[in-house]
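Asks: Quick one: the structure is below, questions incoming.
Protein chains: 2
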Amino acid sequence: MNSWILKDSNYKESYQLKETLFSVANGYLGVRGSFEEGLNKEILTVRGTYINGFYEKEEIIYGEKLHGFPNNSESILNVIDTQGIKIRINEEEFSLDKGEVLSFERELNFKKGIATRKVHWRSPKGNEIHIEFKRLISFIQKELFLIQMEVEALNFDGVIEIVSKIDGDVSNIIVEEDPRVGSANAKALKVINVKQENNCSFIEAKTKNSNLIVVSGIAHKYPKEFIESILTEQKNSNHFIKGSLLQGKKNIFTKYAVYTDTIRYKNEISKNVEILNSVLTYDFNHFAFLQEEYLNDFWKSSNIEINGDEKMQQAIRFNIFHLLQSTGKDQWSNISAKGLSGEGYEGHYFWDTEIYIFPFFLFTNPNLAKNLLNYRYTILDYARKRAKQMGHTTGALYPWRTISGNECSPFFPAGTAQYHINVDIAYSIIQYFEVTEDIGFMIEKGMEMLAEMARLMYHIGHFRNDGKFCIDAVTGPDEYTCIVNNNYYTNVLTKNLFDKIGAIWNSIKETHKGELEKISNKIKFNEEELINFEKAGNKMYLPFDKERKLHPQDDSFFNKKVWDFENTPKENYPLLLNYHPLTLYRHQVCKQADTILGHFLLEGETELEFIKNDYNYYEKITTHDSSLSTCIFSIMANRIGKYKEAYDYFMNTSRLDIDNLHHNTENGIHTACMGGSWMSIVFGFAGMRVINGELSFRPNLPKNWESLNFRINFKNRVLNCNLETNTIEIKLIDGQPLKICVNNNLIEVN
Amino acid sequence: MNSWILKDSNYKESYQLKETLFSVANGYLGVRGSFEEGLNKEILTVRGTYINGFYEKEEIIYGEKLHGFPNNSESILNVIDTQGIKIRINEEEFSLDKGEVLSFERELNFKKGIATRKVHWRSPKGNEIHIEFKRLISFIQKELFLIQMEVEALNFDGVIEIVSKIDGDVSNIIVEEDPRVGSANAKALKVINVKQENNCSFIEAKTKNSNLIVVSGIAHKYPKEFIESILTEQKNSNHFIKGSLLQGKKNIFTKYAVYTDTIRYKNEISKNVEILNSVLTYDFNHFAFLQEEYLNDFWKSSNIEINGDEKMQQAIRFNIFHLLQSTGKDQWSNISAKGLSGEGYEGHYFWDTEIYIFPFFLFTNPNLAKNLLNYRYTILDYARKRAKQMGHTTGALYPWRTISGNECSPFFPAGTAQYHINVDIAYSIIQYFEVTEDIGFMIEKGMEMLAEMARLMYHIGHFRNDGKFCIDAVTGPDEYTCIVNNNYYTNVLTKNLFDKIGAIWNSIKETHKGELEKISNKIKFNEEELINFEKAGNKMYLPFDKERKLHPQDDSFFNKKVWDFENTPKENYPLLLNYHPLTLYRHQVCKQADTILGHFLLEGETELEFIKNDYNYYEKITTHDSSLSTCIFSIMANRIGKYKEAYDYFMNTSRLDIDNLHHNTENGIHTACMGGSWMSIVFGFAGMRVINGELSFRPNLPKNWESLNFRINFKNRVLNCNLETNTIEIKLIDGQPLKICVNNNLIEVN
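Here the protein sequences come in this chain order: A and B.
In terms of the UniProt record's numbering, the numbers along the first sequence are unbroken and rise by one, the last being 750.
In terms of the UniProt record's numbering, the numbers along the second sequence are unbroken and rise by one, the last being 750.
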């Protein structure tokens, strides 16, 4: 097994799943791994092309609409399709459904950033050809999607005709009865223009409600003796490329597709023409070379090397590669729950970004991490507006799910009620500052966000009669218990924000007083508010059952009945698809890590003994119906010395998509879980933490692993970490010497 | 002021409100008080005709549909319009918009059951006429709606042409952004047949989804020298009746409209023809006479006489009359929140019936009360099905809101979560049995319902570690705090069911063992279940704060912040229209009586001292945004000796519709509040209770009342109760002598 590659040789099974797994993307543009020529109609397919942040909005219809319910849903759109290429050999159409497939092999190469498909095919009349498709979405030229096709006639001379299509007649999928897939109007994109210019075809399409335009232009390269003709129709354009096929001679065809949109460009059409003309001056190999160069750099900082466990090695690289493919690299986009690989969860951005994906980028590519926070700053005004809608006189409340910045959650108990989104983002900003010491970002954006979010959390909470600061009527990460008082997770993360904002403010003030004054003036922030925050942090109520020495997930959690797991048939999982929310709410049953996640993020807030107790308690009642669960249990199992469990949970985490363990990867990859698999290794097996600005390790290598190697960016240093069975070796690759902590011993790395 | 009549002489204002107030109905059929001839288009009108239980269903669209969410909404339908009558006098069309209205008077007579409108009108050309319209919906022939029109030319001779219409082209109203009004598809009824037969016109119309058919037939009587011609169109039919108008001669025209539907009749068309032909043999006066006779009987048992307070006297009679008009009198129908007077709350039946309206009928017309319970038995199978959908292996869960029996609540936190609907119905059944001793009903229906509901409540609850029986994740009556644990109201009413079901079962068993065995066999009910219920009742947890000597509304209620009433502007009430549910949920603020209602219904469960404490506490934080609130506060204010408050709350209750205090009576009357006004008098000022099968009084007559007189049906007796300032006189009108309790003294009435 080559762990840099995902392979497949069985095209007959799980077509839709593999469209997801073999999708290519660069964070701006993503194309699912459909076959260029298509397959027969009985095979379910989601032939998707997505642009990060490009969405349609629709009015949400409520049976009963109450005050402050969001008006509109937003959905990532399946945009203009440029995948289509039909091939005719001596009048016979190439299709894996017909004739005979003598060999088939597909791969996604994480080092090259290219998806390849090789087919040896015998036509019904006996003509044999070999075709190799290569696909690439450029990390260098983000608008560019390239397909190269190499065709060789193996036993005949003849004629080949290629019909390459650009198609604006596209739809989104709709899956009713599953809240995890989209539900918006499928046909949202309207073609407003199809034109042909110098052997290029352009389609311009517009959304109905969000008023966005996407343009796609295609052009081709082929052997010069071939002839091209173009037929432009109402919603598509077909390029017919015809010529002779001589036995043994390889013919290379390249399709260039360029996407531009009105979110990024004002002159989206001329920009498209310009980019298409520019890329046409280079061949596929040029972009393949740049792609590999880019990825070399990426893997230098981001690679994780596991010796002795090929399956895990492959899985973690697959995950890291997809994270890179998925993450938005401009301020208009973020990472959706499914990346750019599918339409699940409508392409929304959730807290997944900050809590599950951000750490990977923070410690390997801080600039990409920073961009994720930049996006949150871009939508800060939406969060301010939302706070007002929700009755808060001050502060900002980030949307639970969104693309544009508007709250899109139609079911508030498991949506808007998750106020922890605010403190999740705050946690990331604080972590970013601790790890990068990037004062520039804090002055420009970070501090303003922290202040607005702290205000909101202060406004939603209140000091109870006993002086404790309490937060009522919110939902924690675990959606199997909604609208509760004093959710441990929410409270402890809010405490973190309240505890730290003052110190950060004051530390920055020492050198950048004027800049902070500007922020104060802009948002009318009074430094006395910091004193309130500090007081609320000190008085924060963290629910704890003294008798049982356990933290209840919320005030009422332990009073409820424990779910009857014994009598719950296997097919009833995930529970959310088989039980009414009220049934779940009235039981002790967790969809995912909640209190345990709070302990992971803020371990210092309680004693290890209680963390152990909580782990043992919550593990028994957690279904892991959410893909965000097992990674946290893996990390915390490591923390408390349950190494076998740690490895088992890690297996479930790291191969969740590649083995389709949740049976829904056909709707897209699970980006949070992918980030979680990186966390399981670095925070779990290597036991890395940043506590009070100090880096520490507490390594526990899985027994079957010979070694583990990865790099970490920390305070402008690059560290290489190498773990073997009983040793950890940390090398300073770049930057100044640094003291770190290994198994509670302070050592200097130089 | 004649307190048997509602009068109006200002037709220019509040047209829609008065359409509600002057509506006529009989519990089967209801027609709003629109003008026959219409008004100009700028005047908002809801020209409605409704049949109790006749509904359309529509798929509910959810932004996020979770397991067990109801599939369909149901809406009462505006059916075929037979109100329309246009009048032309010498080619001038009669309309209050034109010419001059020299006098206008309208009244609704509660004793006669007739709505009258008298107009003295001068046409633009100076012709003066006097018209008197009379409307009646017969309590004797439930399908019949009659309009009689008496026209007199005052200063001219001329020609009169009447155009009387039957119109199938009708719609429901839609008010977005107000969850209290309907939201279904407005145009649900499709005309499938219009036909004319022997000077009768019939329209047959069908719903699209619920597959119901309504037929309406009209015919006319008029002076024999008049000529009638009929023009039948696609969706309507017009009867042209023409003749001479001689000065000083009164001409009488009568319009007969008959409604039949497929819920009640299989042969709805021939039945319509049959009824129409039969009623045509009688004139208006005949039905007017029968109407008055019926009402005489009704008022004999139901009248409340208040001397010394005309406004209240009128209000209570108005309310009682509308309750009679609203209540369904067959097993297919119940009382909707707005009766048959409007489309608010989509014509749904709620718990309002059992807790607010049932007592009036129980103590005055037990047969009508019984019918309300019969309806619940009719839909018992739906409740069993719903229980299964909600994950209960046993029992029945009644729908929070419905017409057909299917749960229609699209927002479960303030809908399905209100499991108290079950124990509300149980409370009524138990009360019915205590007051009527009707073993026949219990054997036939009551016991089966009680057993199924008790099973469900036992299944939703659980014994906590300390042995207490708890009920988690439900919503009490107060919708400003949803999804809570151990709602006092829900728990105490569940305790009532658990406490009493065994005793009732055993008492009936003494004489009807075989019948109970039949029930046991039918629903596989094991008598050991009764032991479980008893145990759960004994161990029922009723939240109580020992330090403050107060009952929290639920486990967490007192931990929350008290709403900032001081800084809430007046225009922000009702709060539900101006704040997001989460804002309400995280505060101590009540829409309506909740714990206080629990105390009223089951006073014996706590001490009077604590009831006083609770009253004082909850009064401060209750907004009475619900029309179900003030009556309960009035009753309980009386109970604890706050007589002034009791009267003030009663004023708000009794005149809520007649004075449009909630500013939404245009959408229909508030039937629960009307029932509440009767309760405020009988349970409040007269202090009547039935405790352990014993009738008691604790009277407190308002200071400004000279006397109060009403009748009560109790255990097959009729009692007349007469209160004066310091006395109460109770007379046995019918039945055997009886011991009752007055101010804690046991006396015998004979």
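Using N, Cα and C, we set each Cβ at its ideal position, and we do this for glycine too.
Would S183 (chain B) pass as an interface residue toward chain A - the criterion being a Cβ-Cβ separation below 8 Å?
Replies: The predicted position of S183 (chain B) is uncertain, since its pLDDT is 49 and thus under 50; no value can be drawn from it.
Asks: So, at 6 Å on beta carbons, what are the nonlocal neighbours of S183 (chain A) in its own chain, with the 5 sequence-adjacent residues on each side left out?
Replies: Summary for S183 (chain A): the model assigns pLDDT 49, below 50, so the residue's position carries little reliability; its value from the coordinates is reported in the next sentence. Counting only Cβ-Cβ distances below 6 Å, and skipping sequence neighbours, we find nothing.
Asks: Of the choices B:S103, B:Q291, B:K235, B:Y294, whose alpha-carbon is the least far from that of N10 (chain B)?
Replies: Of the listed residues, the one whose Cα sits closest to N10 (chain B) is B:S103.
Asks: By DSSP, does S183 (chain B) sit in helix, in strand, or in coil?
Replies: Unreliable positioning characterises S183 (chain B) in this predicted model, as indicated by a pLDDT of 49, which lies under 50. The coordinate reading is nonetheless provided below. It is coil, neither helix nor strand.
Asks: Once the 5 residues before and after I730 (chain A) are set aside, which same chain residues still bring their CB inside 6 Å of it?
Replies: Counting only Cβ-Cβ distances below 6 Å, and skipping sequence neighbours, we find L719, C721, V749.
Asks: Could you tell me which of B:N307, B:D330, B:N303, B:G328 sits nearest to F318 (chain B), measuring between CA atoms?
Replies: Among B:N307, B:D330, B:N303, B:G328, the Cα nearest to that of F318 (chain B) belongs to B:N303.
Asks: What in chain A is Cβ-close to I421 (chain B), meaning under 8 Å?
Replies: Simply none; closest approach about 13 Å.
Asks: Tell me which residues of the stretch 48-68 of chain A have at least one Cβ-Cβ distance to chain B shorter than 9 Å, keeping chain order.
Replies: Residues passing the 9 Å Cβ filter: I60, I61, Y62, G63, E64, K65, L66, H67, G68.
Asks: Who are the Cβ neighbours of I733 (chain A) in its own chain at under 6 Å, not counting the five residues just before and after it?
Replies: Contacts found: V718, N720.
Asks: Less than 8 Å between the CB atoms is what I'm expecting for N127 (chain A) and I89 (chain A), so what's the real figure, rounded?
Replies: Between I89 (chain A) and N127 (chain A) the Cβ distance is about 6 Å, and since that is below 8 Å, they are a contact.
Asks: Report the start-end ranges of each beta strand (DSSP E) in the stretch 50-114 of chain A that is 3 residues or longer and not cut off at the edges.
Replies: DSSP runs (the beta strand (DSSP E)) wholly in the stretch 50-114 of chain A: 55-59, 72-76, 85-89, 100-109.
Asks: Should the stretch 37-48 of chain A be regarded as contacting the stretch 348-365 of chain A, the criterion being three or more beta carbon pairs within less than 8 Å?
Replies: These segments do not touch.
Asks: Taking 8 Å as the threshold (beta carbon to beta carbon), is I740 (chain B) in contact with chain A?
Replies: Chain A contact via Cβ: absent.
Asks: When the cut-off is 8 Å and only beta carbons count, does T281 (chain B) lie next to chain A?
Replies: So no, T281 (chain B) is outside the interface.
Asks: Using 8 Å for Cβ pairs, my map puts D352 (chain A) next to T727 (chain A). What's the rounded Cβ distance?
Replies: The pair is not a contact, with the Cβ atoms about 34 Å apart (cut-off 8 Å).
Asks: Does the beta-carbon of F633 (chain B) have 16 or more other beta-carbons within 10 angstroms, so that it is buried, or is it exposed?
Replies: F633 (chain B) should be labelled buried.
Asks: With respect to the alpha helix (DSSP H) encompassing F318 (chain B), which residues constitute its N-terminal and C-terminal limits?
Replies: That run of the alpha helix (DSSP H) goes 310-326.
Asks: Would you call Y573 (chain B) buried or exposed, if buried means 16 or more other Cβ atoms sit within 10 Å of its Cβ?
Replies: That one is exposed.
Asks: Please name the residues in the stretch 529-556 of chain A whose beta-carbon is closer than 8 Å to at least one beta-carbon of chain B, in chain order.
Replies: Residues D555, S556.
Asks: Have a look at B:R117, B:I519, B:T490 and flag the residue whose alpha-carbon is nearest the alpha-carbon of E132 (chain B).
Replies: Ranking B:R117, B:I519, B:T490 by Cα distance to E132 (chain B) puts B:R117 first.
Asks: Can you have a look at L550 (chain B) and say buried or exposed, based on whether 16 or more other CB atoms are within 10 angstroms of its CB?
Replies: Counting Cβ neighbours within 10 Å, L550 (chain B) comes out buried, since at least 16 surround it.
Asks: Between L276 (chain B) and D169 (chain A), what straight-line distance do the alpha-carbon atoms span, to the nearest angstrom?
Replies: L276 (chain B) and D169 (chain A): Cα-Cα distance of roughly 58 Å.
Asks: Identify the contact partners of H348 (chain B) in chain A, using a Cβ-Cβ distance below 8 Å as the criterion.
Replies: Per Cβ cutoff of 8 Å: no residues; H348 (chain B) is ~12 Å from chain A at best.
Asks: Write down every uninterrupted run of the beta strand (DSSP E) in the stretch 501-526 of chain B whose length is 3 residues or greater and which is fully enclosed by it, in chain order.
Replies: Entirely contained in the stretch 501-526 of chain B, not one beta strand (DSSP E) run reaches 3 residues.
Asks: Report the residues of the stretch 560-584 of chain B with a CB closer than 8 Å to any CB of chain A, ordered along the chain.
Replies: Going along the stretch 560-584 of chain B in chain order, one finds K560, K561, L576, L577, N578, Y579, H580, P581, L582, T583 with a Cβ nearer than 8 Å to chain A.
Asks: For chain A, find out if any of its Cβ atoms is closer than 8 Å to the Cβ of N73 (chain B); answer yes or no.
Replies: The sequence given here places Ser at residue 73 (chain B); Asn does not occur at that position. Output row for S73 (chain B): interface = yes.
Asks: For R384 (chain B), does the three-state DSSP call read helix, strand or coil?
Replies: Residue state, collapsed to three classes: helix.
Asks: For a contact defined as C-beta to C-beta under 9 Å, what are the partners of F383 (chain B) on chain A?
Replies: Per the sequence presented here, residue 383 (chain B) reads as Ala, with Phe not at that position. The contacting residues do not exist; A383 (chain B) stays about 15 Å from chain A at best.
Asks: Less than 8 Å separating the beta-carbons of A536 (chain B) and G461 (chain B)?
Replies: Contact flag set, yes.
Asks: So for G158 (chain A), helix, strand or coil by DSSP?
Replies: Strand.
Asks: Using 8 Å as the cut-off, can you tell me whether the stretch 494-508 of chain B makes contact with the stretch 561-569 of chain B, which would need three or more C-beta pairs spanning the two stretches below that distance?
Replies: Cβ pair count under 8 Å is below three, so no.
Asks: Just checking, does the stretch 245-254 of chain B make contact with the stretch 286-299 of chain B on the three C-beta pairs under 8 Å criterion?
Replies: The answer is no - the stretch 286-299 of chain B does not touch the stretch 245-254 of chain B, with fewer than three Cβ pairs under 8 Å.
Asks: Taking just the CA atoms, how far does N172 (chain B) sit from Y222 (chain B)?
Replies: The alpha-carbon atoms of Y222 (chain B) and N172 (chain B) are separated by roughly 32 Å.
Asks: Could you spell out where the alpha helix (DSSP H) holding S278 (chain A) opens and where it closes?
Replies: Taken as a continuous stretch (DSSP letters only), the alpha helix (DSSP H) holding S278 (chain A) covers 268-279.
Asks: How far does the beta strand (DSSP E) with N307 (chain B) in it extend, from its first residue to its last?
Replies: Looking at the DSSP string, the run of the beta strand (DSSP E) that includes N307 (chain B) is 304-307.
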